Each structure stands twice: as C-alpha cells, then as structure tokens.
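**Student:** Just so you know, the sequence shown maps onto residues 1 to 446 in full-length UniProt numbering. Note that CB positions come from ideal geometry on N, CA and C, so glycine has one too. What you are looking at is a predicted structure, and each value in this text was computed from that prediction instead of being measured.
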Amino acid sequence: MNAPATQSPATARRTGVLAGHVRVPGDKSISHRAFMLGGLASGETRISGLLEGEDVLRTGEAMKAMGARIERDGADWVVAGTGNGCLLEPEAPLDFGNAGTGSRLTMGLVGPYDMRVRFVGDASLSKRPMGRVLDPLRQMGVQVLEAAVGDRMPLTLQGPKHAAPISYRVPVASAQVKSAVLLAGLNAKGVTTVIEPVMTRDHTEKMLAGFGAAIEVETDADGTRHIRVEGHGRLAGQVIAVPGDPSSAAFPLVAALVVPGSDITIENVLMNPTRTGLITTLIEMGGSIELLNRRMAGGEDVADLRVRASELKGVTVPAERAPSMIDEYPVLAVAAAFAEGATLMQGLDELRVKESDRLAAVARGLEVNGVACEEGTDTLLVRGRPDGKGLGGGLVETHLDHRIAMSFLILGLASEKPVAVDDRTMIATSFPEFMDLMTGLGADFT
1 MNAPATQSPA TARRTGVLAG HVRVPGDKSI SHRAFMLGGL ASGETRISGL
51 LEGEDVLRTG EAMKAMGARI ERDGADWVVA GTGNGCLLEP EAPLDFGNAG
101 TGSRLTMGLV GPYDMRVRFV GDASLSKRPM GRVLDPLRQM GVQVLEAAVG
151 DRMPLTLQGP KHAAPISYRV PVASAQVKSA VLLAGLNAKG VTTVIEPVMT
201 RDHTEKMLAG FGAAIEVETD ADGTRHIRVE GHGRLAGQVI AVPGDPSSAA
251 FPLVAALVVP GSDITIENVL MNPTRTGLIT TLIEMGGSIE LLNRRMAGGE
301 DVADLRVRAS ELKGVTVPAE RAPSMIDEYP VLAVAAAFAE GATLMQGLDE
351 LRVKESDRLA AVARGLEVNG VACEEGTDTL LVRGRPDGKG LGGGLVETHL
401 DHRIAMSFLI LGLASEKPVA VDDRTMIATS FPEFMDLMTG LGADFT
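1) For LYS239, which residues from the same chain have a beta carbon less than 6 Å from its beta carbon, with the 5 sequence-adjacent residues on both sides left out?
2) Under 8 Å Cβ to Cβ from THR281, same chain only, skipping five residues before and after it: list those, please.
3) So, using beta-carbon positions, are GLY365 and LEU411 closer together than 9 Å?
4) Would you give the residue range spanned by the alpha helix (DSSP H) that residue 450 belongs to?
5) Just list the alpha helix (DSSP H) runs in the stretch 89-146, keeping only unbroken ones of 4 residues or longer that don't cross its boundaries, in chain order.
6) Tell me the start and end of each unbroken beta strand (DSSP E) in the stretch 264-312 that is at least 3 residues and wholly inside, in chain order.
7) Do GLY286 and SER248 have their CB atoms nearer than 9 Å?
8) Rounded C-beta distance between GLY60 and GLY237? I'm assuming under 8 Å.
9) Just the Cα atoms here: how many angstroms apart are THR193 and TYR168?
10) What are the partner residues of PHE445, as DSSP defines its beta bridges?
11) For THR429, which three-state DSSP category applies?
12) Helix, strand or coil, according to DSSP, for VAL22 in the structure here?
13) Just reading off the alpha helix (DSSP H) that ILE404 is part of, what are its end residues?
14) Using the C-alpha atoms, what's the distance from THR15 back to GLY442?
15) Assuming LEU57 contacts GLY26 (C-beta within less than 8 Å), just tell me the rounded distance between them.
16) Taking the CB atoms as reference points, tell me whether ALA420 and LEU437 lie closer together than 9 Å.
17) Going along the chain, which residues of its own chain have a beta-carbon closer than 6 Å to the beta-carbon of GLN158, five neighbours each way excluded?
18) Straight-line CA distance for VAL17 to ALA256?
19) Ordered along the chain, which non-local residues of its own chain (more than five positions away) have a Cβ less than 7 Å from that of ILE279?
20) Thinking GLU374 and LEU391 are a contact (beta carbons under 8 Å), I'd like their distance in whole angstroms, please.
21) Counting only the same chain and skipping the five closest in sequence on each side, list residues whose C-beta sits under 6 Å from that of PHE408.
22) Provide the residue span of the beta strand (DSSP E) that contains ALA241, from first to last.
23) Just how far apart, CA to CA, sit PRO246 and GLY67?
24) Taking 8 Å as the threshold, find out whether the stretch 121-134 comes into contact with the stretch 150-165 through three or more Cβ pairs.
25) What whole-angstrom Cβ distance do PRO112 and ALA180 have, given they're in contact under 8 Å?
26) Use the C-beta contact count for HIS203: other C-beta atoms within 10 angstroms, 16 or more gives buried, fewer gives exposed.
Here it is in structure tokens:
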C-alpha cells in the first residue's frame, strides 16, 4: 500500500460505557506464516480465521507470484503449494506495501534459491532497515545485488547455486530474524541452527513442525534456545485455524479498562506465552482481566478475555518483557496515561525501527494531548491522570503507522477533550474492522 494521496483523519471523543462481546481478526503473525508455509508445502493447506488485512494479503500475492495457488473458499482460504525447493522466480518485483513481517520472512524463504528476486514497498516500509535479515543470508551465499542506502528497499537478491547452512546467533531479540534464517534453512543442504538468547514468539518453530519439517529445539540451563532445522525436507499441507490476534485485542482491551463502567468480552484470543506481555503488565497495573474458556486450538493456547473498567496504577515494565509485547507498547502508553502515578517502560530500542520510530511517535502523540511523559533512548516514562482531566485536544501524526493511529483513537475515548489522528487509512493493514468493532461496543469515532 503506497501512501494515500489524501489522508482520512479521524477523531475519538469521550464515550459512555463500552459493552458487548467481540471477536478480533486472526493473528497477523500466524496468518503470514500460514500463507508462506502453505505455499511452500506439497498438497493443500486450508486456513480458517485468516487475517484479511493488506499486509497478509501482500504475502499471499508474493507466494502466488512464485507458483502457489491461493483461493478463497467461503470463509476459508485454500492454498496449493509448490513443494519445498520448487518456488519459481517471480516475473515482477514483489510489492509488500507496508508489510515488514511479510517482506523480511520472504527474504529468508527465497534467498537461498538460485534466482533473482526484487523487493519493493511503500514509503514507510522503504525506511525500515533490512540488514538484520540480510546479514545471515549473506553468510549462506545470498548476494544483495542492489539496495537503497542502509540495506533498505528497494533491494534485489540473487541466491547461490547451493546455499550453505549456518549456525547463527541472533544479535537482537527478533522473531523476524530468527524466522527468516529458519525459512532459509529449508532450502540449504544440511542443518541450519539459530541460537536465540532471549525467546521471542515461536510461531515459526511450531508451524514448521506442524508442516513436517525436521526441526528440534533445545534450551540451555541459562535459557538460550538452539533451534535446528534440516534442509531439503518435505513439507505437507495442513488444516490451520488461526486464533484471534492479541495485538489487535489490545485496543478494545485497553479501551474497556480506561472507559469508566465498561465490561466487554473478547473471544478466541491467542494466549501463546510469547505474546502475553501486555496482559501480564495490565494485570500488574490493577486491570480486571479474566481468562475464560481456556483451550487449545491449532496447537496454540486460546482463551476468551472478560475485561472490566479498572483503577490502574503505574508500574515498571522490565526490558526482558519487551519481546512478548513489542507491538503493544503504544497502547500500553495510553493505558498508562490514565493510571495513578508513573509507568516506566524499558528496553524499547526495537520500537525505533517499526513502521515508524514508534517510541518518538508515541511520545509526541502523548505530549500534544497533555500527557506528561519523558522519552529516553530506549525508555518511556508516562505520568498518568486517572480522571482524564486536561487530556486530549491534540492532533496526532501517525507517520503511516497503524498502531499509532489505533492507540491514540483509544486515548480519545477517556480523555476530557477529543483526540484526532491525521490518517486512519493504514489501519487496514492489520485490523480492517477496527472502527466498526469499536463503535459496535459504544466508541464515539468520527
């Protein structure tokens, strides 16, 4: 998705209670991987609950460009894969729009193939560094024939005749880097190993095992994980039920906590422990979040969340929790704006390289709406106003970032004055139903 020629502003106003039962779209991370592994596997993969946001659909288009057949069948998606090692060279550049996950994981997937692939994206994605993925691919023999300054898009990869398996210790806690290397290992003869000192979301490991890859995970006494995948194995099509995305559930969840009198239930939310840092933090802050109907679905923990308005208090969020809630810090900052006392978030350096510099964007958005905050190199301190008095009244620059837009619309629901965002169009990349879902609960958006 390229930057829109005309922006579509939106405004949120203080609302009455939020109430009702809702179901958020399918998990974005699992949806990306379902299209990719389904497109690579032999046979048919049937996917229910897929997130039909623009980012995921871009990944689907990329897999189709390399030989997979992907069709919608009622509410499901059916993928006929090429077979591992049999992707075709695309005839045109792969345009990922705003999809950072899709582009980085696909670089890993296609890098070891003896073919030339060009990656392009929108203005926001073109600013994001790709070197953290390209560095291990170079070790496997992949050439970066051209790239914008700083290993950014647009860029072109040329794979080797025979990719070399590697042992790679990830220098930062990044599920995207880990996943890109594991996917690259599928087309390298021998065993590729990823060494992960800090555990990140483990959907790739789980799904690779589910599709039949020869993969093993060992954890040292110090918590370091060694993930090994054997190349040139056969992957077989699967039936996948995608649970609700906890990163999307975060928005109605925080809204219900901060809007007085609210009581909502969010159904079918993924509760993978690598993704629940926000819920842990909000409960520490005094949030009333009840996990109901806990169950397993598609190999993942799932639950319904009953959320009621709560008096929140400030806490310190340790840096080691960041990998389990990296996408949720903008909306956590909104919750902190209505908490008693100060909330300190640590270890936020990864936010600097998201769809925008999210740390700076959050701080500026808080400031223009009267929320006291202090931005550090990798920290954010927010001083809350539980009654919301004096808050709001500002226009937030979203920088083409869907999570900034949604987070600050949530801020406006409990602030004394309305909160406006300069553009809502990019929300469709991850949560197309956001505006309708929230207004259905009682939110006042225009």
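**Tutor:** If we stick to the structure as given:
1) Inspection of the sequence shows that residue 239 is occupied by Val rather than by Lys. For VAL239, where only same-chain residues beyond five positions count, the Cβ hits under 6 Å are ARG46.
2) VAL315, VAL317, ARG321, MET325 and LEU332
3) It is a contact, given that the beta carbons lie within the stated cut-off.
4) There is no way to answer for residue 450, as the model of the chain reaches only from 1 to 446.
5) 100-110 and 131-139
6) Fully enclosed beta strand (DSSP E) runs of 3 or longer: 288-297 and 300-308.
7) no
8) Between GLY237 and GLY60 the Cβ distance is about 15 Å, and since that is not below 8 Å, they are no contact.
9) 6 Å
10) ALA12
11) helix
12) strand
13) 402-412
14) 7 Å
15) Incorrect: roughly 12 Å between the Cβ atoms, too far for contact.
16) no
17) ARG116, GLN143 and LEU145
18) 8 Å
19) In the same chain as ILE279, and ignoring 5 residues on each side of it, the C-beta atoms closer than 7 Å to its own belong to ILE289, in chain order.
20) Rounded, the Cβ-Cβ distance is 17 Å, inconsistent with contact.
21) GLY365, VAL396, VAL419 and VAL421
22) Boundaries of the beta strand (DSSP E) harbouring ALA241: 239-241, taken from the DSSP string.
23) 32 Å
24) With the cut-off at 8 Å, the stretch 121-134 and the stretch 150-165 touch.
25) Actually they are not in contact, since the Cβ atoms of PRO112 and ALA180 sit about 11 Å apart, beyond 8 Å.
26) buried
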